[in-house]
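If you're matching positions, the sequence shown starts at 1 in our numbering and goes up one per residue. Heads up, the beta-carbon is just placed ideally off N, CA and C, and yes, glycines get one too. Accompanying notes for the structure given below.
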Amino acid sequence: MRKYFIHNDEVENGPFDIEQLKTIKIKNETPIWYDGLQNWTIAGNVEELKSIIEVTSTPPKFEKFAHQNTNANPPSFTKPSYENNQNSEPKKSKTMRNVLIGVGVLALVFIGLSLVSNDPEPIYNENGEFIGIDNSQVTVDAETDRINEELTIKNRNYRNNFEKYIRVTTNEYTYYELGGINNLDVIVTNDTDYMLNEVNVNIDYIKDNGEIFKSEIVTLNNIPAHQNKSASAPESNRGTSVEVRMDGITSKKMHFCFYATNGIGTYAEPENPNDPYFCK
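As structure tokens, this is what we get:
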């Protein structure tokens with residue numbers, strides 16, 4: 001099922017399926033993106049979303065029609081007066097002034113409509129009398145804010161507790177009593193809701209006396225959400241066991257960047273100490 005992302009001019013939110021978008025009540029001009037699009041577009045340009053777009057326009061207030069003139073005779077003809085050519089220039093100036101005034105009035109009306117376009121719509125009864133305010137848009141905005149807040153909390157929890165959701169293990173590799181390891185695979189498990197774009201795994205080859213014989217780095221890319229992925233590790237002619245740890249993790253959709261120094265997660269001067277692994 002296709003997943004969509006929306007934008008509220010500040011942050012992007014998602015992914016959502018069509019049923020979730022129905023609860024958000026997206027508008028025709030809501031910015032939207034899904035996998036396959038090169039750039040953002042608006043919901044009104046996506047064919048499968050047109051049926052769930054909320055229509056916010058309302059008809060104008062009804063007023064009775066004025067009685068039309070039913071006289072079948074044409075109006076009386078008035079002979080036009082011909083003025084001296086010297087008076088034509090002032091008339092042109094007056095006409096231009098009227099045009100400029102008209103354009104100015106239209107501009108003011110347009111600006112006024114733009115300023116109040118986000119206000120709740122008034123509701124009238126069948127007689128054209130005002131009866132209240134349509135608060136549906138207010139409800140939609142509140143629901144969108146609630147969803148955004150939930151996503152923020154969920155993603156921050158993933159970042160700050162990534163060891164619970166992202167793990168690295170090995171297979172049953174082969175080792176020799178006199179030293180030597182082969183058929184070694186490292187396995188990264190991703191229990192988050194987002195793809196991991198890159199995971200760097202550090203492998204220490206341990207000798208029988210506990211010393212580290214050598215260390216290697218294995219990189220795994222594009223690990224899907226709620227799946228695992230494995231990669232072959234280099235063989236060693238020394239060592240009887242291995243220890244593995246994650247040296248680096250990045251996820252664009254989760255806004256997550258983790259880097260390790262001697263096995264300890266670090267991020268230089270984080271902007272938010274309560275969310276140290278957040279990155280854009």
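Annotated as distal: V168 and L220, with beta-carbon spacing of 7 Å or more. Secondary structure in the region 191–249: the beta strand (DSSP E) runs of 3 residues or longer, each lying completely within the stretch, are 196–206, 212–223, 227–232 in chain order. In this structure, DSSP gives N182 an extended state, which the three-state scheme calls strand.
For Y165, the enclosing alpha helix (DSSP H) has its first and last residue at 162–165.
For the 7 Å CB-CB criterion, N202 and G248 do not form a contact. Per the Cβ contact rule, the region 209–217 is not in contact with the region 158–172 (fewer than 3 Cβ pairs under 8 Å). In the three-state reduction of the DSSP assignment, T30 falls in the coil class.
Counting along the chain, E12 sits inside the beta strand (DSSP E) bounded by residues 12–16.
Non-local C-beta neighbours of Y194 in its own chain, meaning closer than 7 Å and more than five positions away in sequence, comprise A225, S251, K253, M254, ordered along the chain. By DSSP's assignment, V188 forms a beta bridge with V168, K229.
For H7, the enclosing beta strand (DSSP E) has its first and last residue at 4–7.
Excluding five sequence positions before and after V218, the CB atoms of its chain that fall closer than 7 Å to its own CB belong to V186, V201, I203, A231, A233, given in chain order. The three-state reading of DSSP puts Y277 in coil, since its state is none of H, G, I, E or B. Sequence-distant Cβ neighbours of F5 in its own chain, meaning closer than 8 Å and more than five residues away, are E12, N13, G14, P15, F16, I32, W33, Y34.
With fewer than 16 other Cβ atoms from the protein chains shown falling within 10 Å of its own Cβ, I111 counts as exposed. Around R2, the same chain offers Y34 as residues with beta carbons nearer than 7 Å, after the five sequence neighbours per side are excluded.
Taking a C-beta distance under 7 Å as the contact criterion, G239 and K207 qualify as a contact pair.
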